[in-house]
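FYI, the numbering for the sequence shown is 1 to 200, going by the numbering used here.
This report concerns only the one structure given below.
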Amino acid sequence: MILRSLFLIFILFFPSFSFANSVSILILGDSLSASYGMSEKEGWVHQLNQELDDYELINVSVSGETTGGALRRLPKLLETHQPDWVFVELGGNDGLRGFPPSLLKSNLTKIIDASISSGSGVLLSEVMIPPNYGPRYTQAFEAVYEQLHQELEVPLVPFFMIDIAPNPELMQRDGIHPNRQAQPIIVDFMKRELVKALSM
1 MILRSLFLIF ILFFPSFSFA NSVSILILGD SLSASYGMSE KEGWVHQLNQ
51 ELDDYELINV SVSGETTGGA LRRLPKLLET HQPDWVFVEL GGNDGLRGFP
101 PSLLKSNLTK IIDASISSGS GVLLSEVMIP PNYGPRYTQA FEAVYEQLHQ
151 ELEVPLVPFF MIDIAPNPEL MQRDGIHPNR QAQPIIVDFM KRELVKALSM
């Protein structure tokens, strides 16, 4: 009777406490992960969160975010959420603004180092930009992710837009953002790739 009473008191005062040892993953991304052009519940992060029993996705993605902006926000986010992992989906806006690949690499390196120093593991997503920026720039830009994967030994997750971006039926009118129809496809892709990366 006493134990039952203590349990009820605990639940009343700590209703959000979870007894499940779920793995928390901070989704640090841009508009591709921030449900741009739709409600949060329609986006892939929210939908995937409903399917994963052993993982909790914490979406702190911001539309228009650059690596520099995320780097400035990161210390507070790590302190607040204390995630087990940080999934970094950033760089697209750096590329669209023509930022030097060296700056992209520097900022991503600092994001990865800060996350690891806080006790979090890091999953780095590949990011690609439209080919109209020229082959020299796009190749140097996209090579940054493989370099960081090799140099910092962080898991590299394939870009979830790789099969969606070429398909106009899955894209919004701007030709940059995935539409509602694309979200379940991203969910299936990310469910497979996240579980694979985390099991390595």
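All C-beta atoms in this analysis are idealised placements derived from N, C-alpha and C, irrespective of residue type, glycine included.
What number of angstroms, rounded off, separates the C-alpha of residue 194 from the C-alpha of residue 134? Each residue's alpha carbon lies about 31 angstroms from the other.
Tell whether a beta-carbon distance below 7 angstroms holds between residue 28 and residue 88. A contact, by the Cβ cut-off of 7 angstroms.
Quick check for students: name the residue ranges of the beta strand (DSSP E) that lie wholly in the stretch 116-181, counting only runs of 3 or more. Fully enclosed beta strand (DSSP E) runs of 3 or longer: 121-125.
Drop a sphere of 10 angstroms on the beta-carbon of residue 67, count the other beta-carbons inside from all chains shown, and report buried for 16 or more, exposed for fewer. By the neighbour-count rule (16 or more Cβ atoms within 10 Å), residue 67 is buried.
With 16 other CB atoms within 10 Å as the buried threshold, where does residue 200 fall? When all chains shown are included, residue 200 counts as exposed.
Residue 166: which of 101, 82, 131 and 47 sits nearest, CA to CA? Nearest option by C-alpha distance: 131.
Check whether the Cβ atoms of residue 22 and residue 55 lie closer than 7 angstroms to each other. It is a contact, given that the beta carbons lie within the stated cut-off.
Distance between residue 140 and residue 103 (C-alpha atoms, nearest Å): C-alpha of residue 103 to C-alpha of residue 140: approximately 12 angstroms in a straight line.
Under 8 angstroms: do the stretch 178-188 and the stretch 34-50 share three or more Cβ pairs, one atom per stretch? Yes, since at least three Cβ pairs between the stretch 178-188 and the stretch 34-50 fall closer than 8 angstroms, the two stretches touch.
List the endpoints of the continuous beta strand (DSSP E) containing residue 99. Looking at the DSSP string, residue 99 is not in any beta strand (DSSP E), and its letter there is neither H nor E.
CB contact flag (residue 128, residue 142, <7 angstroms): In this structure, residue 142 lies closer than 7 angstroms to residue 128 by Cβ.
First through last residue of the beta strand (DSSP E) which encompasses residue 29: Counting along the chain, the beta strand (DSSP E) containing residue 29 begins and ends at 23-29.
Tell me, which residues are paired with residue 55 by DSSP? Bridge partners of residue 55 according to DSSP: 23.
Does the beta-carbon distance from residue 110 to residue 156 come in below 7 angstroms? At least 7 angstroms separates the beta-carbon of residue 110 from that of residue 156.
Quick one: grab the DSSP three-state call for residue 195. In this structure, residue 195 counts as helix in the three-state DSSP scheme.
For residue 58, count neighbouring C-beta atoms within 10 Å of its own C-beta (all shown protein chains included) and say buried if the count is 16 or more, exposed if not. Classification for residue 58: buried.
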